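Residue numbers (this note's numbering), protein chains in the order written: chain C, 8 to 206; chain Z, 263 to 456.
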């Protein structure tokens with residue numbers, strides 16, 4: 008009886024702890040969000056992958072735009088190696104019409120996005136993950152049927168220019184995971200556009 | 263020619279030469295003066311540029327408490343809508359509080375642009391001119407991860423964000439949010455009378 012009570016308290020406590028978003032090591036929740044092709048996408052769609060590169064991003068933000076081709080590059084390099092990209096737009100399209108579902112679809116088509124670009128309409132996923140800006144990466148690693156957060160933060164150390172990058176954080180984290188290690192840099196920060204929460 | 267005629271021609275030439283010398287001296291003085299005066303209003307790069315480019319080291323120095331002035335350091339970008347919306351409140355605050363009054367410490371607002379470097383000429387400078395911003399504006403560019411932590415450990419990197427530094431050690435508060443004028447005034451109040 009005591010054990011059950013303790014287990015319940017632990018569950019409650021850990022879910023409260025994750026209230027501000029995930030920390031490295033947390034188990035990431037799955038979702039069911041609409042992709043630009045109209046289909047619903049979940050982490051479960053990537054059951055055979057080794058992990059998923061979840062990136063909160065959008066159309067309007069200049070920092071996100073500066074990373075667009077690098078995000079495409081990540082998918083092209085790592086999807087075949089077991090780490091596909093899933094891009095999630097968390098913004099309120101009422102305040103930012105450029106981030107509407109229709110405009111997401113336009114952009115994905117224009118740039119031939121090779122990955123799913125899904126719409127977090129209720130912003131629930133952004134809140135659960137603790138995304139604060141665009142772009143914001145959550146690199147997930149599959150562990151049995153769960154997705155553990157292995158890296159959070161910036162794609163690399165230079166928003167403005169891919170040519171000036173010195174540290175490719177996501178690539179380095181994936182290389183570590185692939186070698187069976189823990190990423191030496193598991194969390195970084197970067198400037199971005201604050202997520203546009205609904206009023 | 264008679265001797266008298268030669269003499270008068272000679273003096274005529276002297277007069278001409280002295281006139282020429284006089285004009286030459288006047289011209290030299292004028293040229294020196296023109297070279298020494300500041301350039302015309304067209305090129306304002308004699309003293310400080312409108313938007314000074316700073317390094318993170320310089321910013322760190324500015325983030326230290328200064329016994330003479332309270333500092334409100336606002337992180338913004340021309341592309342950040344909420345940043346642009348709150349700037350008039352911050353600029354008004356600067357105009358009202360940068361002069362010490364009623365025994366309170368003066369407050370300096372400093373706008374720190376995190377725009378891309380390529381946008382300094384294209385966006386930042388025109389923006390500052392067009393809006394008639396009176397508080398000083400500096401350019402830092404997008405900060406690196408360690409620099410974001412260096413501003414404040416709680417900063418996730420989103421804008422706008424404001425750091426308020428008082429005149430004594432430990433007087434430091436950081437806000438990752440858009441502010442109204444009254445909010446800013448409330449937050450700064452505690453540091454005005456140390």
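We treat Cβ as the ideally placed atom computed from N, Cα and C, and that holds for glycine. Treat the numbers as computed from the prediction; the structure is a model and nothing was measured.
| query | Can you round the beta-carbon distance between residue 123 of chain C and residue 94 of chain C to whole angstroms, since I take them to be within the 8 Å contact cut? | reply | Contact flag correct, Cβ pair sits at about 7 Å.
field: For residue 64 of chain C and residue 96 of chain C, believed in contact at Cβ under 8 Å, the rounded distance
entry: 7 Å between Cβ atoms; contact.
What residues from chain Z crowd round residue 172 of chain C, counting only those whose CB sits closer than 9 Å?
Per Cβ cutoff of 9 Å: no residues; residue 172 of chain C is ~11 Å from chain Z at best.
*Ordered along the chain, which non-local residues of its own chain (more than five positions away) have a Cβ less than 7 Å from that of residue 68 of chain C?*
141, 199 and 200
Find the residues of chain C that neighbour residue 376 of chain Z, judging by a C-beta separation of less than 8 Å, and give them in chain order.
198
| said: Less than 6 Å between C-beta atoms, sequence neighbours within five positions excluded: which residues of the same chain meet that for residue 395 of chain Z? | reply: Exclusion of the five residues before and after residue 395 of chain Z leaves 353 as the residues of its chain whose Cβ lies within less than 6 Å of its Cβ.
task = Compile a chain-ordered list of the residues in the segment 119-147 of chain C whose CB is closer than 7 Å to at least one CB of chain Z.
result = 139 and 140
Exercise. Could you list which residues in chain Z have their beta carbon closer than 7 Å to that of residue 161 of chain C, in chain order?
Key: 407
Distance between residue 106 of chain C and residue 131 of chain C (C-alpha atoms, nearest Å) = 17 Å
**Report entry** Cβ-based neighbour list, residue 8 of chain C, same chain, cut-off 8 Å, excluding 5 preceding and 5 following
**Finding:** none
* With burial defined as no fewer than 16 other Cβ atoms inside 10 Å of the residue's Cβ, what is the status of residue 22 of chain C: buried or exposed? -> For residue 22 of chain C, the predicted structure reports a pLDDT of 44, less than 50, and the residue's modelled location is therefore unreliable. A value from the coordinates is still provided. Residue 22 of chain C comes out exposed.
**Q.** Residue environment, residue 380 of chain Z, which counts as buried when at least 16 other CB atoms sit within 10 Å
**A.** exposed
- Item | Top-ranked residue by Cα proximity to residue 327 of chain Z, from Z:423, Z:432 and Z:316 | Shortest Cα-Cα distance from residue 327 of chain Z to any of Z:423, Z:432 and Z:316 involves Z:432.
*asked:* Between residue 355 of chain Z and residue 446 of chain Z, how many whole angstroms is the CB-CB distance? I'm expecting something under 8 Å.
replied: 6 Å
Worksheet entry | Reference residue 50 of chain C, options C:158, C:204, C:182 and C:152, closest by Cα | Closest by alpha carbon: C:152.
Alpha-carbon to alpha-carbon, residue 375 of chain Z and residue 403 of chain Z: 6 Å
Boundaries of the alpha helix (DSSP H) in which residue 66 of chain C is found, first to last residue: Unbroken run through residue 66 of chain C: none, as it is neither H nor E.
Using the Cβ count rule (16 or more neighbours within 10 Å means buried), how would you classify residue 114 of chain C? buried
Beta-carbon proximity check, residue 158 of chain C vs residue 31 of chain C, cutoff 8 Å: yes
Residue range of the alpha helix (DSSP H) that residue 32 of chain C falls in? Note, residue 32 of chain C: premise wrong, no alpha helix (DSSP H); not H, not E.
*Jot down the residue ranges of each uninterrupted beta strand (DSSP E) in the segment 384-431 of chain Z, minimum 3 residues, whole runs only, in chain order.*
399-401 and 423-427
| request: Hey, could you find the ends of the beta strand (DSSP E) residue 334 of chain Z is sitting in? | output: 332-338
Checklist entry - Out of Z:370, Z:372, Z:413 and Z:264, which has the shortest C-alpha to C-alpha gap to residue 318 of chain Z? => result Z:413
- Item | Against chain C: residues of the segment 393-420 of chain Z by CB proximity under 8 Å | 403, 404, 405, 406, 407, 410, 411, 417, 418, 419 and 420
*Which same chain residues, not among the five before or five after residue 344 of chain Z, have their C-beta less than 8 Å away from its C-beta?*
421, 422 and 440
message = Considering Cα atoms alone, identify which of Z:334, Z:371, Z:360 and Z:347 is closest to residue 434 of chain Z.
response = Z:334
Q.
Suppose you measure from the CA of residue 193 of chain C to the CA of residue 357 of chain Z; what does that come to, to the nearest Å?
A. 44 Å
Quiz prompt | Unbroken beta strand (DSSP E) run spanning residue 200 of chain C, endpoints | solution = 199-201
Rounded to whole angstroms, how far is the Cβ of residue 438 of chain Z from the Cβ of residue 417 of chain Z, which I believe are closer than 8 Å?
6 Å
query = Which residues in the same chain as residue 191 of chain C place their Cβ atom closer than 7 Å to its Cβ, once the five residues preceding and following it in sequence are excluded?
reply = In its chain, beyond the 5 residues on either side, 183 have a beta carbon closer than 7 Å to the beta carbon of residue 191 of chain C.
#### Entry: Cross-chain neighbours of residue 164 of chain C in chain Z, by beta carbon under 8 Å
406 and 407
* Asked: Can you find a C-beta in chain Z that's less than 8 Å from the C-beta of residue 23 of chain C?
  -> With a pLDDT of 42 at residue 23 of chain C, under the threshold of 50, the predicted position of this residue should be treated as unreliable, and no value is reported.
Between residue 60 of chain C and residue 156 of chain C, is the Cβ-Cβ spacing less than 8 Å?
-> no
| task | Whole angstroms is fine: what's the gap from residue 101 of chain C's alpha carbon to residue 363 of chain Z's? | result | 44 Å
Review point. Nearest-angstrom Cα distance between residue 116 of chain C and residue 368 of chain Z?
Key: 54 Å
- Decide if residue 341 of chain Z is buried, meaning its Cβ has at least 16 other Cβ atoms within 10 Å, or exposed. buried
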